[in-house]
Amino acid sequence: MKNRNLILFLTLSLLMLGLFLADLAWGSIPISLREIVSVFFGKGTEGINSEILLNFRLPKAITAILAGASLSVAGLMMQTLFRNSLADPYILGVSSGASLGVALVMMAASVLPVAFVSSGWALIVAAIIGASVVLVLVVGVSFKVHNAVSLLIVGLMFGTIAGSLVSVLQNFSNPDAIKLFVMWTFGSLSAVTWNYMQVLLPVVLIGIGIAFFLQKRLDGLLLGENYARGLGISIQQTRFLIVIATGLLAGGITAFTGPIAFVGVAVPHIARGLFRTSSHKILMPATILCGASLILVCDIISQIPTYTLPINTISALFGAPIIIWIILKKR
Amino acid sequence: MSILTTCHLSIGYSKKRKTDVIQSELNLQLRAGELVCLIGPNGSGKSTLLRTLTGLQKPLSGKTSIDGKEISKLKQLEKALLIALVLTERVDIENATVYNLVSLGRHPHSNWWGNITEKEDLIIREAIEMVHLEHKIHQNINELSDGERQRAMIAKALAQNTPIIMLDEPTAHLDLPNRVEIMLLLHKLAHKTDKAILLSTHELDIALQAADRIWLISSEKGVECGVPEDLVFNGNFNRAFESKSYVFNAANGNFSMNYPMSRDVWVTGDKTRMYWTLRALARAGYKVVEDAQFRILVTENGWILNEKNISTVEQLLVELSHQYVESGNYEL
């Protein structure tokens with residue numbers, strides 16, 4: 022059993038590394054592996070290819086890994102907390118909050134100072150604020166409600182409210198602003214430059230750090246909240262930490278890349294299927310590797326047509342069949 | 352030796368302005384090495400008492416102490432080292448084997464990373480052996496029968512290595528052989544491991560046989576404790592379950608239904624067949640009265656009703672009602 026896990030981890034790590042390199046090489050201008058190596062080792066850092074590689078494809082590939090890892094780990098935590106295999110990282114309404122923030126900036130742009138709106142940070146700051154507001158509300162509620170299902174319903178309601186507000190805004194906006202917003206909801210990995218990476222990376226690392234810190238408690242939560250209490254787990258504190266970590270991971274990624282559908286639901290199931298375990302200390306790194314690989318694959322696929330496809334549609338095309346398979350298998 | 356004691360404990364629910372007291376002034380003692388069954392009618396506070404004792408719910412007043420430590424002042428983790436729980440919630444974990452499930456019981460003892468050391472492994476295997484699930488140790492818990500699943504949950508509680516185990520209706524949803532087996536297992540565990548085991552149940556007859564001590568809870572008289580037989584002798588059982596529609600039969604520890612009985616009949620004869628004959632007659636509405644007009648003699652292989660031989664209960668009942676109608680004194 023131990024050996025099997027080790028082999029799986031090694032294979033997945035190599036797969037992820039391979040996909041990472043392929044993602045760097047692939048694109049409208051193919052870059053050979055030799056060129057990639059020479060750019061990385063400081064030789065031939067001039068020329069257009071090295072510019073594309075270092076300032077465009079490298080941050081994009083790293084973002085793909087971060088997004089896949091974050092959404093998958095957040096999805097795993099949500100599925101354990103709610104003991105529901107269809108829970109996803111967006112279930113607490115964090116991404117709806119982010120999209121409300123973005124919608125406000127895009128569609129109410131005439132009211133805001135031009136300098137703010139035209140800078141790339143405007144959307145990100147708005148998304149972070151939107152996600153944080155919902156997160157704070159959900160955390161507040163998590164101390165009030167007695168069981169996780171109530172928290173789930175409240176999260177869904179916050180999401181619905183945010184969604185309706187976005188619709189109201191759309192109703193009053195001009196078509197250009199709506200198109201801009203719709204483009205944002207398609208998700209894009211390439212929006213993250215090195216500047217943004219300095220914020221995104223720590224946010225993701227903190228979120229994943231909290232998740233790893235909670236791995237033993239998450240195992241206990243599999244039994245249900247009352248049994249978990251009986252095992253000495255402080256439910257309020259654990260729930261609070263899970264909500265915070267999920268908010269950081271899902272909210273952070275959504276703010277920088279837009280929503281990416283289905284990865285958070287599908288990947289924990291892939292990891293459970295591969296490793297045949299319920300233990301979070303194995304599932305956690307497993308979902309990170311699987312999630313990162315899946316998003317890298319999606320990104321590579323989205324580069325195949327001459328016009329780059331939005332990442333959100335590709336991930337949904339991959340994720341939806343997996344969810345159907347889960348439902349059929351569960352019967 | 353008493354390991355858990357309650358002092359003027361009052362249980363119930365309190366919402367903003369309204370307090371709903373279910374039981375008050377409870378002074379209970381739980382002793383090591385004993386199996387205690389908590390029984391009582393629905394709504395008398397069985398689950399509330401159990402939830403309060405385990406610390407899942409706050410008492411309205413009074414206190415519960417274990418080994419002199421007051422439970423409401425303990426941290427969650429400290430409680431987990433004293434009381435292990437088996438609840439009614441169904442546990443469904445994808446990919447978890449019996450071993451994985453039982454190893455979760457080691458949770459309060461293991462370090463942050465939750466590694467299973469050789470010593471932990473030994474305790475887990477021992478717990479699984481105690482509930483006789485060795486042959487299923489690597490089986491997925493979703494593939495277990497209900498009885499095996501309950502035994503696995505008990506093994507998890509054993510692995511937690513606490514002086515007290517509390518179980519909420521551990522025999523619900525199980526068939527008779529499994530109910531008996533679980534109760535005997537718990538009885539044996541209490542005596543062998545010197546743990547105090549407290550469980551709530553609806554199975555009166557099994558509880559009366561397996562429990563070392565009964566906590567009889569009722570809305571009127573609070574909680575009465577004692578050896579099962581004593582509670583039967585002093586009539587507490589009957590009072591607790593008093594109802595118009597059935598009576599507690601102190602002769603065999605069962606409940607008998609109270610049928611409306613309007614017709615008189617006189618029965619004598621064979622003792623072993625008598626019990627079942629009386630049951631059938633009671634259900635059909637006949638009261639046994641000495642020297643009644645209709646006389647039934649119970650023989651070794653049949654009945655004689657007013658000098659007529661009858662071989663089945665069904666015939667007996669048909670013939671009896673027939674004769675009643677003919678006699679004209681009674682309406683059907």
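Chains X and U are the protein sequences, given in the same order. Residue numbering for the first sequence follows our numbering, beginning at 22 and increasing consecutively. Residue numbering for the second sequence follows our numbering, beginning at 352 and increasing consecutively. We put the beta carbon where it would ideally sit given N, CA and C, even for glycine.
query, result
"Chain U contact residues for X/R78, given Cβ-Cβ distances below 7 Å", "Correct list: empty, because the minimum Cβ distance to chain U is about 37 Å."
"C-beta atoms of U/A562 and U/V387 nearer than 9 Å", "yes"
"Of the listed residues U/E670, U/I661 and U/I655, nearest to U/A635 (C-alpha basis)", "U/E670"
"Neighbour flag for X/Q236 against chain U, beta carbons, 9 Å", "yes"
"Partners in chain X for U/Q427, counting only beta-carbon separations shorter than 7 Å", "R250, G253, I254 and S255"
"As assigned by DSSP and simplified to three states, the class of X/G176", "helix"
"Proximity test, Cβ basis, 9 Å: U/P410 and chain X", "no"
"U/I710 - partner residues in DSSP beta bridges", "Here chain U comprises residues numbered 352 to 683, so residue 710 of chain U is not present and cannot be evaluated."
"Helix, strand or coil at U/M608 according to DSSP, with G and I counted as helix", "strand"
"Start-end ranges of the alpha helix (DSSP H) lying completely within the segment 214-249 of chain X, minimum 4 residues", "215-234 and 236-242"
"Beta-carbon gap between X/A119 and X/A276 smaller than 9 Å", "yes"
"Beta-carbon proximity of U/A503 to U/M534, cut-off 9 Å", "no"
"Three-state class that DSSP yields for X/Y328 in the structure shown", "coil"
"Residue of U/V449, U/N657 and U/E520 minimising C-alpha distance to U/R402", "U/E520"
"Residue(s) in a DSSP beta bridge with U/S361", "U/S412"
"Alpha-carbon spacing of U/E682 relative to U/H553, whole angstroms", "Residue placement at U/E682 is flagged as unreliable, the pLDDT there being 49, under the threshold of 50; the coordinate-derived value follows with that caveat. Taking the straight line joining both Cα atoms gives about 40 Å."
"Coarse secondary structure for U/D642, derived from DSSP in three states", "coil"
"Contact under 9 Å by Cβ, U/I434 with U/I515", "yes"
"Rounded separation between X/G228 and U/L377 - CA only", "47 Å"
"Proximal chain X residues relative to U/P459, where beta-carbon distance stays under 8 Å", "L252 and G253"
"Stretch-stretch touch, CB-based, cutoff 8 Å, three pairs: the segment 306-318 of chain X with the segment 84-91 of chain X", "yes"
"Beta carbon of X/A249 nearer than 9 Å to that of X/L242", "yes"
"Chain U contact residues for X/S299, given Cβ-Cβ distances below 7 Å", "I444, E445, N446, A447 and N451"
"Amino acids of chain U, ordered along the chain, whose beta-carbon sits closer than 7 Å to that of X/G241", "L455 and H458"
"N-terminal and C-terminal residue of the beta strand (DSSP E) that U/S569 is part of", "R564 to S569"
"Contact between the segment 202-219 of chain X and the segment 264-272 of chain X (3+ Cβ pairs under 8 Å)", "no"
"Nearest-angstrom Cα separation, counted from U/T439 out to U/E651", "47 Å"
"Euclidean distance between Cα positions of U/N512 and U/L432", "7 Å"
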